[in-house]
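Numbering (the UniProt record's numbering), first residue to last: 1 to 159.
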């Protein structure tokens, strides 16, 4: 492996998911536990829409959780070598997108959008790529600072 291929910076970025499968099991279990007496009493008294609506609520919560969980499988990989900044985005469905930027030309921009929010973009020769859109504003700031530091080192090493 030559010096041109030695990584100067490497980051794997993925969405944070605060509700783990074990936590989801607790949430759904508690819902079922609390809903069961209500469903039974409503069914006994002939209020058939209540069990139906509570079942639909549980199904909707489960569907939303599974969709959110699938989105958490996204991955963005940034790798900087003296010759290239490579960005690889792996989508939840398995599709992979790749971009390549030249360290001497790429610019890292952290633009403020709304109060407390920002957008991290890589720009080169009219091409623009947003990275880390799923990160918190502070995490995007950390990535931008670390990447800018690594790009500065790569540019000074190229001179």
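Each residue gets a CB set at the ideal place from its N, CA and C atoms; glycine is no exception.
On a predicted model such as this, the values are computed, not experimentally measured, just so you know.
Secondary structure at residue i, three-state DSSP: helix, strand or coil?
i          : result
residue 81 : coil
residue 30 : helix
Use the C-beta contact count for residue i: other C-beta atoms within 10 angstroms, 16 or more gives buried, fewer gives exposed.
i           : result
residue 49  : exposed
residue 140 : buried
residue 21  : exposed
residue 56  : exposed
residue 131 : buried
residue 112 : exposed
residue 68  : exposed
Taking 7 Å as the cut-off, decide whether the C-beta atoms of residue i and residue j are in contact.
i           : j           : result
residue 98  : residue 88  : yes
residue 144 : residue 129 : no
residue 43  : residue 37  : no
Rounded to a whole number of angstroms, what is the C-alpha to C-alpha distance between residue i and residue j?
i           : j           : result
residue 154 : residue 78  : 15 Å
residue 142 : residue 156 : 21 Å
residue 8   : residue 150 : 6 Å
Candidates the options: which alpha carbon is nearest residue i's?
i           : options      : result
residue 160 : 96, 103, 127 : Coverage of the chain is limited to positions 1 through 159, which leaves residue 160 absent and any answer about it impossible.
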